[in-house]
Each structure stands twice: as structure tokens, then as C-alpha cells.
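Read the structure below first, then the notes.
2 protein chains.
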Amino acid sequence: MNKKALAILMRARMRPNDPSKLALSPLSNEVNQMLSNSQGNQAPHATEDGNEKLNKQRSFEVVRDSMHSAISMNKTEVLDAVLNDFSEGYFSLSFENRRKLLLTLAKEYDLNRTQVRELIKQYLGLQLPGVSGNEAQSGGVEDEGFLSTFYRIERNLRHSLKPVYEVLFERLNTHPGGLKVLTILRADILSILAEENISSLRALDSYLKEKLSTWLSPAALELHQITWDDPASLLEKIVAYEAVHPISNLIDLKRRLGVGRRCFGYFHSAIPGEPLIFIEVALLKAVAQTIQEVLWDHPPILESEATCALFYSISSTQPGLAGINLGKFLIKRVITLVKRDMPHISVFATLSPIPGFMQWLLSKLASQSKLGEAEDISCSSADRSGLTFYENLLEPEEERGLIESSGDFAAGKNGMEIMLNLLTPTSHDWTNSSKLLSAFKPALMRLCARYLLQEKKRGKALDSVANFHLQNGAVCNAVSIIDQQSPFGGRINSF
Amino acid sequence: MNKKALAILMRARMRPNDPSKLALSPLSNEVNQMLSNSQGNQAPHATEDGNEKLNKQRSFEVVRDSMHSAISMNKTEVLDAVLNDFSEGYFSLSFENRRKLLLTLAKEYDLNRTQVRELIKQYLGLQLPGVSGNEAQSGGVEDEGFLSTFYRIERNLRHSLKPVYEVLFERLNTHPGGLKVLTILRADILSILAEENISSLRALDSYLKEKLSTWLSPAALELHQITWDDPASLLEKIVAYEAVHPISNLIDLKRRLGVGRRCFGYFHSAIPGEPLIFIEVALLKAVAQTIQEVLWDHPPILESEATCALFYSISSTQPGLAGINLGKFLIKRVITLVKRDMPHISVFATLSPIPGFMQWLLSKLASQSKLGEAEDISCSSADRSGLTFYENLLEPEEERGLIESSGDFAAGKNGMEIMLNLLTPTSHDWTNSSKLLSAFKPALMRLCARYLLQEKKRGKALDSVANFHLQNGAVCNAVSIIDQQSPFGGRINSF
């Protein structure tokens with residue numbers, strides 16, 4: 023399980039490593055193509071190799087002007103041409119110019135703060151109809167005329183706090199192809215923010231994310247079961263975006279869409295022909311222990327004998343939708359559907375990696391080991407357990423097992439030090455020793471359960487994958503070391 | 023063209039005359055049915071005859087509690103059951119209890135104004151990064167840490183100005199069947215507001231309308247051409263909701279979906295099986311002069327010979343979506359589609375009534391006639407044109423023609439008085455006299471053109487139908503008296 027695959031699993035598909043290549047991303051080119059087709063090929067072609075072909079790029083000023091028109095034009099005027107113009111122009115810009123344009127948008131099309139102050143003044147000048155909601159009735163100011171003024175000013179204040187760039191977002195959203203443009207704008211914004219922290223742009227991103235969440239409410243999404251009968255242009259996208267367990271060939275794809283398997287996608291009518299997110303499900307007799315059982319089971323079992331639906335892969339296709347939890351709704355709808363169609367299936371589980379465990383464990387071991395050393399120097403005879411931050415992560419019998427199994431290597435070291443020394447090398451040699459493996463296992467399992475269920479950050483599980491599933495209503499059922507290559511993959515069975 | 027039909031034309035389908043019957047509206051029952059089906063029939067049945075069967079109604083308190091749960095429950099808890107519970111409960115309430123519940127929602131789930139005040143205080147305490155948007159760069163306060171605090175407080179203030187009831191709306195929107203529930207809630211709110219002006223409820227309505235507009239953005243709507251191959255359950259809805267030119271029988275319906283005709287609907291995935299709005303189009307050799315030409319042309323012309331697409335009917339199906347202009351986007355998309363598929367069609371027009379003309383003309387005539395009388399008394403010899411508000415609506419030759427054609431009847435009366443006297447009786451006897459008809463026509467045509475194009479209210483055309491078309495980019499091409507039964511119907515050709 024590589025880092026990229028995990029990122030996709032969490033619906034935050036990788037940003038291109040070189041941001042200046044964004045203009046070349048398949049997504050952008052696709053939209054460029056779409057837009058130029060819809061313009062009867064009058065549109066200039068998309069830049070073919072980024073910054074080099076500057077002569078094909080529109081000048082920054084031209085695109086900035088079309089952005090201004092798109093925002094400031096009266097809505098009864100014909101907007102479509104302007105929005106097409108802006109979209110095309112944007113895609114033709116170099117990454118540096120896109121950055122400049124997005125900063126212009128964030129800073130110069132922000133709130134009208136003079137107006138906000140003015141409305142705040144008006145608002146504070148009015149006697150409130152009961153300061154807290156519950157007193158509204160007893161406030162005594164029940165004159166409808168007054169109340170109507172009050173609500174009007176409150177509404178105006180609320181509206182004045184919306185940034186001017188909302189207009190661009192709203193207009194693009196109602197414009198054919200515009201939702202796709204917005205997701206690409208956001209992917210670019212995220213690329214920039216990954217490199218530099220710019221508050222105004224972060225505020226714009228947070229606003230755009232809120233809008234996209236609203237527009238992509240499950241009510242606006244269509245659930246579609248993807249099968250071998252779907253168009254090749256759609257299946258090609260499944261192959262391209264599946265990144266948890268890459269699809270190796272057509273036979274593999276056909277298998278994943280065939281007997282004992284399901285693939286469901288969430289589609290939005292404004293982004294036709296590709297799912298925003300899709301999930302792959304295996305129908306099994308029991309929860310699988312390893313992903314190999316799922317990917318390599320020949321022949322499939324009879325569907326009528328299945329009792330378990332295993333969600334073994336979920337992939338998002340739009341980097342610009344990072345952080346918008348569509349997976350939650352998709353999983354819920356698929357569970358409802360499977361329950362309805364196959365009442366004999368009663369176990370719903372996922373087979374998921376635990377990407378943060380290794381890092382967490384190593385840093386815990388390292389910091390405890392440092393605290394231990396510090397103690398050895400400052401008060402060598404004191405009881406270690408008296409130190410505020412010191413904690414032995416291991417149970418006595420786990421420690422004993424570790425020391426016994428590691429022999430000479432362990433001389434003079436405590437259990438945590440042995441563990442740290444053995445786990446640190448990326449070669450993971452210890453996995454080749456069955457003695458070490460069986461001595462390690464109980465401690466690793468227990469610590470992994472603790473990591474998944476007890477370690478939190480702002481009320482969320484520290485592990486991003488675990489948090490995703492737990493928030494969706496999963497319970498943690500079993501943890502196992504399933505991948506000898508990368509020993510800290512594990513699995514969470516859930517729902 | 024009756025009043026109801028006009029209201030539907032403007033996407034403001036009639037509220038039931040007796041609000042207490044709302045629980046009986048086909049829409050509500052439908053949803054009730056839907057909900058009880060989805061509950062495996064465990065749900066109590068919908069009230070069958072309103073207030074009478076109180077024993078079948080849930081008590082107000084129970085529904086209020088489920089509303090409270092639906093709003094206040096943590097989002098990681100399972101909400102579906104609670105939302106189903108609330109929806110069912112709501113539909114089982116009498117109109118009086120629905121009113122009570124909606125008022126509770128409007129008043130007790132409003133803003134937290136203590137929090138708003140606190141955030142305003144924090145906000146005003148910060149030095150602004152340039153008061154107007156354009157000065158943001160030159161403000162000099164470029165410390166990212168400070169800016170990030172500033173944007174955070176601004177965002178918090180924006181969020182605090184959102185009423186608590188937004189949570190209910192958002193949750194219903196993401197809940198299967200919830201969008202339909204929201205449209206019914208709004209239909210009820212509009213019924214109440216038609217009877218009494220309650221500021222808090224009006225504020226709630228305006229908020230809900232804004233949310234619905236966002237969720238029903240064209241990007242979330244699917245355009246579908248409705249044909250004779252569509253399911254009967256869908257076609258049945260077309261018959262039920264078509265209210266501009268009622269569909270008399272199956273042959274009539276088939277004709278409207280057949281050669282030389284098109285019917286397009288906007289569908290939302292959360293309200294399956296019925297369009298939110300649909301439009302009927304006739305493909306003709308030239309713009310029709312009367313609706314009869316459209317409805318009764320046998321046999322149809324060859325589609326390849328058509329040069330004109332006439333939009334002869336548009337109907338909205340959801341009373342709860344009143345005021346949300348879906349028609350505008352529908353017309354735009356249909357025009358694009360027809361242009362693409364049939365490039366030989368170059369004229370896009372509508373044949374529309376002018377519902378407000380008669381009323382406007384009569385009140386104009388009456389007020390001028392009063393001003394005239396007042397003048398006769400106060401300054402009988404003065405020049406009438408000197409009076410500030412007095413205006414002869416008729417041109418000299420129109421006045422002459424009217425006086426000559428009306429004979430004895432006109433003795434001592436001026437043109438406007440004659441017009442007023444003849445137009446007032448609802449029997450419209452004058453339409454039977456070809457002499458009067460031809461004398462009236464020039465003045466009526468001219469005044470109608472003035473009414474359509476020059477009479478405005480808050481920048482909008484006074485006539486609601488005209489305003490709808492003019493806002494959509496139509497131009498007024500011709501006005502004619504087309505309906506002898508109701509002589510002030512007319513038509514606007516457009517686009």
C-alpha cells in the first residue's frame with residue numbers, strides 16, 4: 023500500500039509533484055478539449071507542454087478581465103459566452119499566472135467591508151427581539167413592522183458577509199461544464215496552499231469547499247451500478263482512478279464487475295460519464311482476512327451463499343473535491359441497496375489499511391526512549407514510573423517475550439528499545455523471523471487497537487482511514503498484520 | 023385563460039383554497055405513502071380526511087420533539103430514522119398544528135443572537151485589513167497570523183448569522199425523500215403567509231427559498247425529453263400538472279408528444295418520476311397567431327420544414343418552489359438543444375397571455391376619470407393638461423374613432439370614459455360589435471405595448487408573465503387580441 027494509494031483512499035488524490043505541470047493534468051486537458059469542442063473548435067488549443075508555449079497562452083490581463091466580467095455582469099445579460107471565455111482562458115494560463123489570478127480573486131473580490139461595518143452599525147442600533155433565541159417570544163417587541171425591519175437588516179448583514187467571489191462560483195455552477203471547472207480551480211488552490219500558507223486564499227478555499235459540499239449533496243448525486251455493460255469510456259475511468267488496488271488488466275476489471283462483485287459510483291449530472299467517487303464490493307461467505315482472498319478468489323462463490331459484503335476499495339476521482347465526504351453517503355446508500363436486494367447478507371465490513379500506525383508507534387517509542395535516557399542521567403536510582411511523561415507502552419509479559427526472543431541483540435535494552443531498534447529499518451528484517459514475529463504480535467495488536475480507538479486529535483481518531491470509517495458508523499472488529507511487505511498495514515472490519 | 027392557469031404558468035401553483043385541507047393534498051398523501059412504504063408499512067397511515075380523524079394524528083408535542091431531535095442530534099448518530107419520524111409526524115398533523123410547529127421552528131430555532139453580538143464585538147475589535155476590498159493589499163497589515171485570525175472570525179460571524187433551522191433543511195435535503203418534504207413544508211408556509219404576515223415565518227420562508235434555489239441549481243437538474251415511450255406514471259403527471267392548456271384526453275396528450283411537438287422536463291434525482299417543471303414546444307412554419315392553431319393543427323407539418331419553435335405552455339408541479347425561476351434555465355437549455363438538433367429553426371417564440379393588462383387599464387381609466395371629475399368641479403375652465411396627474415391615455419384620432427363608433431352611448435363623454443364604461447362589464451358585449459372592435463383595437467394595441475414595455479415596478483415589468491419572458495431575454499414582437507372569450511389575453515412573441 024503506497025502513500026499515493028492511501029491518499030486516494032481518503033479522497034484526497036495526489037497533487038502533481040510539480041505544480042507548474044498542472045496545466046498538463048489529464049483533467050485540465052479534458053476540460054479544455056470539452057470546451058473547445060463545445061465552441062466548434064474556434065477556441066485556441068490547450069497548451070501542449072506547459073510554460074514553454076507561452077505564445078499559445080492568453081495573457082494574464084485578458085483572463086483577469088474575463089473573470090471580472092463574469093463576476094460583475096448583470097445577470098440578465100448573456101453570461102454563457104463570458105463564462106466559457108473565462109474557463110478557456112484560465113486553462114490556458116501557466117501555473118504561475120493561475121496563482122496570480124486566484125490571489126486576485128481572493129483579495130480583490132472579497133467582502134465589501136465598508137458595507138459590513140455599516141450594516142453592523144444598523145444592526146446593533148436595533149433593539150433585539152429577545153437576545154437569545156428562546157426569549158424571542160417574551161421579548162415584548164412584537165410589532166410586526168419593527169420585526170420585519172429587524173429580519174431584513176439581519177438578512178442584509180448575512181448577505182454582506184458573503185464574499186464577492188461567490189458570484190463567480192454560483193455562476194460557474196449553473197453553467198454547463200462549470201462544476202468541473204470549479205473542481206479544477208480548487209485542485210489548483212490546494213496545490214498552492216500545500217506550498218505556501220496564504221490566509222486570503224485559505225479563506226477562499228474554505229468558502230469554495232462549503233459551496234461544493236452544498237452542491238454535491240447526496241440529493242444531487244445519482245447512484246449507478248457500474249457493470250461490464252457500461253461504455254468503455256466510463257470503464258476506462260474506473261481503471262484510471264482505481265488506486266487502492268490497481269486494476270492490472272481487462273480480465274481483472276471484468277472480474278471486479280462480475281459475479282460476486284459489485285461496483286457502485288456516485289454521478290453528478292454536470293460531470294457526465296465519470297463517477298465522482300466509486301466503491302468496490304465483494305460478496306463473500308465470511309469476512310476475508312487478506313485482500314488477496316478478495317482479488318484472487320477463483321472461482322467466485324454463488325451469490326446466494328454470501329453472508330458478507332466486503333467494501334475493499336473506494337476511490338475518489340476529483341482532486342478538487344478533497345475533504346468533501348462523499349464516501350460516507352455512498353457507503354450508506356450501497357449498504358441500503360445490498361440489504362434490500364440480498365437480505366441474506368448481514369455482515370458489512372471493510373478491509374482497510376492503517377496508514378498512520380507505524381509512524382505513531384515509532385515516534386511514541388522514540389520519545390519514551392529519550393525520556394528514559396534523560397531519567398538515567400538526572401536521577402539514576404529513581405522509580406521511572408514516577409516521571410510525569412514516562413510510560414511503558416508494553417505489558418510486563420510482552421516485554422519479557424520480546425527480550426527472550428531477541429537474544430544477544432537485546433543486551434541491556436528494555437522492551438521498547440528493542441522494538442524501536444527492530445522496527446526502524448525499512449527492510450523489516452524481523453518479519454522474516456517467525457520467533458520475532460510471534461513475540462511481537464501480541465504487543466503490536468494491542469498497541470494498534472489502542473492507536474485506532476483511543477488516540478484522538480480534536481475528537482477525531484488520529485488515523486485518517488480509521489476516522490473515516492468510525493465517523494461513518496463502523497465499529498472496529500479485528501486488527502491483523504496482513505501484508506508482509508509493509509507490515510503495518512492492518513485492517514478494520516466495520517459496520 | 024383562467025386565474026389558476028396563469029398562476030401555474032408563472033410557477034406559482036395555486037394554494038388550496040382551504041388551508042386546513044392541506045393534509046389532503048395529493049402531494050402530501052403521496053409522500054405519506056412513499057414514507058410508509060419505505061418503512062415497511064409500520065408507519066401509521068396518512069390522515070384520510072383531515073381534522074376529523076384526530077385519533078390518527080400524532081400529537082403536536084411528539085412531532086415537535088422529533089423535530090428537535092432532527093436538529094440537535096450529533097451528525098455521527100444515525101439520523102435517518104429521526105428524519106423519517108419527523109416527516110411522517112409532520113404529515114399527520116392538522117393544518118393548525120403544522121402552523122404551530124412552523125412558528126416554533128421560525129422562532130425557537132432562529133439565530134443565537136448572543137453569539138452574534140459576541141462575534142460582532144470580536145470582529146469590530148480587530149483592525150481591518152483595508153476597509154474596502156481594494157485596499158486589502160495596501161493596508162499594510164500583512165501578517166499572515168493576524169489575517170488568519172481575522173478571516174476565521176469573519177467566517178464564524180458569517181456562520182453565526184445562519185439560523186439554527188438551517189440544520190433541519192440541510193439534513194432533510196441529504197435525506198432520501200427529504201427534498202420533497204421541504205417543498206411541502208414551504209407550500210404550507212406560503213399558505214400561512216397568504217393569510218397572515220408573520221415576520222419570523224417570512225424570514226424562515228426567505229431562507230428556505232434561498233436554500234432550495236441553491237439545491238435546485240440547473241447543474242443538479244436533468245433535462246429529459248418526455249415522449250410517448252415514457253412510463254404512464256410520468257405521463258399521468260404531465261396531464262395532472264399541465265394547467266395552461268389542459269390536456270383533454272389521451273389523443274391530445276399523444277399529439278403533444280408526437281411529430282412536430284416536443285415536451286421537455288427538468289428532473290431532480292431526489293424527486294424521481296415527475297418533472298419539477300415542464301415545457302411544451304410546437305415546431306411550426308411560422309409563429310402562430312392563436313393557440314388554437316397550435317392545439318388543433320391537423321395534420322402536423324414535416325419537422326424538416328419548420329422554421330419556428332413556439333413555446334406554448336410551461337407548468338410547474340411543485341407549489342413549494344414558487345418564486346424559484348427554473349423556467350428560465352429550462353427555456354435556455356431547450357433552445358440550445360433545438361438549435362443543435364434542428365439548425366433550420368431560427369425563430370424561438372412564446373405565445374403568452376398578458377394577465378395584468380385588463381386590471382391595469384381599468385384602474386388607469388378609473389383614476390383619470392376621477393381626476394377629470396375633480397378638475398371639472400374645482401376649476402372648470404382651466405386647461406386639463408395643466409393638472410399634474412391628469413393624462414389623456416388616448417391619442418386624438420383614437421378618441422375620435424371611439425366617440426364616432428359608440429354613437430348615442432357616448433353623449434357628453436370623453437374617450438376614456440367611453441372605454442371605461444364599455445370595458446367594465448364582465449360580459450364584454452363590445453366584442454360582439456365589429457364596429458366597436460375595430461375602433462377599440464388601435465388604442466388597445468398601443469396601450470398594451472405601453473403596459474408591457476414601459477410600466478415597471480422596482481425595475482421589473484409590471485406584468486408578471488411579461489416580466490418572466492423579458493428577464494429571460496425575450497423581446498416583445500407583437501401583441502394581439504387572441505381570445506374573444508377573455509379579450510385581454512394577448513401574446514408576446516419572443517427570444
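Protein chains in written order, with the working numbering: chain A, 23 to 517; chain B, 23 to 517. By construction, the Cβ of each residue, glycine as well, lies at the ideal position given by its N, Cα and C atoms.
Cα-Cα separation, residue i to residue j
i       : j       : result
I220(B) : E166(A) : 7 Å
F333(B) : P294(B) : 25 Å
P253(B) : V356(B) : 22 Å
I392(B) : E118(B) : As written in the sequence, residue 392(B) is Lys, which differs from the Ile given in the question. Straight-line Cα distance between these residues: approximately 44 Å.
L179(A) : L141(A) : 6 Å
D132(A) : R224(B) : 29 Å
L387(B) : A483(B) : 20 Å
L257(A) : W382(A) : 38 Å
Y112(B) : L343(B) : 19 Å
R522(A) : E244(A) : The structure shown does not extend to residue 522(A), since chain A is modelled only from 23 through 517, so no value can be given for it.
A262(A) : E302(A) : 14 Å
L359(B) : L127(A) : 33 Å
G349(B) : N499(A) : 52 Å
N347(B) : G434(B) : 49 Å
G481(B) : Y412(B) : 24 Å
K233(A) : F172(A) : 27 Å
T329(B) : I353(B) : 17 Å
P240(A) : F351(A) : 7 Å
S116(B) : L125(B) : 14 Å
Cβ neighbour criterion (16 or more within 10 Å) applied to residue i
i       : result
I211(B) : buried
D430(A) : exposed
V309(B) : buried
T339(A) : buried
P365(B) : exposed
N494(A) : buried
V316(A) : buried
V497(B) : exposed
T205(A) : buried
I269(A) : buried
Residue i, enclosing beta strand (DSSP E) - first and last residue
i       : result
T372(B) : 369-372
S337(B) : 330-338
Same chain, Cβ closer than 6 Å to residue i, neighbours up to 5 away in sequence not counted
i       : result
I248(A) : C285, G287
H197(A) : L105
Q390(A) : M438
V189(A) : I93
M89(B)  : F108
Spatial neighbours of residue i in its chain, beta-carbon cut-off 8 Å, leaving aside the 5 residues before and after
i       : result
S385(B) : none
W237(A) : N195, L201
S428(B) : I440, L444, L458, A461
Contact test: residue i Cβ vs the ligand COA heavy atom, cutoff 7 Å
i       : result
F172(B) : Ligands in the displayed structure: none, and consequently the ligand COA is not present.
Residue i, enclosing alpha helix (DSSP H) - first and last residue
i       : result
G342(A) : Premise fails: G342(A) is in no alpha helix (DSSP H) and is neither H nor E.
H181(A) : 166-182
H491(B) : 486-493
M89(B)  : 82-94
Y112(B) : 102-114
L415(B) : Unbroken run through L415(B): none, as it is neither H nor E.
N195(A) : 188-195
Q314(B) : 313-317
S213(B) : 200-217
R362(B) : 348-363
Own chain residues within Cβ distance below 7 Å of residue i, not counting five before or after
i       : result
K395(B) : It should be noted that the sequence gives Glu, not Lys, for residue 395(B). If we look at E395(B) and ignore the five residues flanking it on each side, it has no Cβ neighbours.
L469(A) : L383, L415
Please specify which runs of the alpha helix (DSSP H), each continuous and at least 4 residues long, are wholly inside the segment 233-310 of chain B, giving them in chain order.
254-263, 272-279
Which runs of the alpha helix (DSSP H) at least 4 residues long sit entirely within the segment 117-147 of chain A? Give them in chain order.
117-130, 135-147
Counting only runs of 4+ residues fully inside the segment 420-461 of chain A, write out the alpha helix (DSSP H) ranges in chain order.
437-445
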